[in-house]
Amino acid sequence: MGQKSSSTGVPGGKSSSSDLSKLKPGDHIYRTMKGFAISFHHGIYVGDDRVIHLLAPSIIPTVSSIIPTFYPICDTCGYTPAMGGCLVQTCLNCFLAGEKLEIMNYEGFNFNLLQPKPPYPAKPAQEVVDTAFTLLREGFGIYDLYSNNCEHFATYCKTGHAVSMQVESLMRML
Numbered sequence: 629m630g631q632k633s634s635s636t637g638v639p640g641g642k643s644s645s646s647d648l649s650k651l652k653p654g655d656h657i658y659r660t661m662k663g664f665a666i667s668f669h670h671g672i673y674v675g676d677d678r679v680i681h682l683l684a685p686s687i688i689p690t691v692s693s694i695i696p697t698f699y700p701i702c703d704t705c706g707y708t709p710a711m712g713g714c715l716v717q718t719c720l721n722c723f724l725a726g727e728k729l730e731i732m733n734y735e736g737f738n739f740n741l742l743q744p745k746p747p748y749p750a751k752p753a754q755e756v757v758d759t760a761f762t763l764l765r766e767g768f769g770i771y772d773l774y775s776n777n778c779e780h781f782a783t784y785c786k787t788g789h790a791v792s793m794q795v796e797s798l799m800r801m802l
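In this note's numbering, the protein residues as written are 629 to 802.
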């Protein structure tokens with residue numbers, strides 16, 4: 629049987645943020661990537677403490693007999709760090725992985741200059757949630773850092789346009 633993590637989601641404790649009280653279903657959320665100060669992981673908050681997000685392929689071995697022994701499984705949502713390369717629905721704590729929650733501001737100025745907002749208007753919240761669940765069932769294609777990453781997924785759900793402002797900013801610098 630797999631080792632279960634605490635009820636806080638991922639091993640290592642509970643994530644905290646002052647923005648949790650502002651969180652609503654349909655929000656495009658993101659957090660800093662561990663080890664990368666200027667890179668972010670994106671998802672769609674769908675309510676009930678759940679997030680749908682696109683994971684990069686895992687570099688962790690995925691032999692099913694190894695996973696339960698070495699990699700903890702979240703007892704809230706079943707997530708394990710060995711998952712990757714697909715759309716997943718996890719609890720908010722697994723999505724945050726101990727990092728601070730950020731909510732993408734589609735109205736007005738986005739104060740995080742490292743993560744500019746997409747130049748498209750947001751769709752109604754329920755339509756965003758419905759799109760995320762539809763893509764969870766039907767897929768969003770193969771993960772590609774430059775053309776189909778977690779930010780492409782989140783902005784597609786939120787606006788109908790699959791864009792990554794991180795990738796666009798990086799390409800402008802090259």
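C-beta atoms are modelled at their ideal positions from N, C-alpha and C, and glycine is treated no differently. Please read all numbers here as calculations on a predicted model, not as lab measurements.
Practice item. Would you decide whether Thr-704 is buried or exposed? Buried here means 16 or more other CB atoms lie within 10 Å of its CB. Key: buried
Check your understanding: Can you check whether the CB of Arg-659 is closer than 8 Å to the CB of Glu-727?
Key -> yes
Review point. Roughly how far, in whole angstroms, is the beta-carbon of His-669 from the beta-carbon of Cys-778, given that I think they are within contact range, below 8 Å?
Key: 6 Å
Check your understanding: Is there contact here, the stretch 745-757 with the stretch 707-720, by at least three beta-carbon pairs under 8 Å?
Key -> no
Review point. Can you give the Cα-Cα distance for Asp-758 and Tyr-774, rounded to whole angstroms?
Key: 25 Å
Check your understanding: If Leu-764 and Leu-715 are in contact, beta carbons under 8 Å, what's the gap, nearest whole angstrom?
Key -> 5 Å
**Study point:** Given Cys-722 as reference, the closest of Cys-702, Ala-684, Met-793, Ala-750 once Cα atoms are compared
**Key:** Cys-702
Point to revise | Ser-693 burial status per 10 Å Cβ neighbour count (16 or more: buried) | key: With a pLDDT of only 46 at Ser-693, under 50, the local geometry of the prediction cannot be trusted, and the value read off the model is given with reservation. With fewer than 16 other Cβ atoms within 10 Å, it is exposed.
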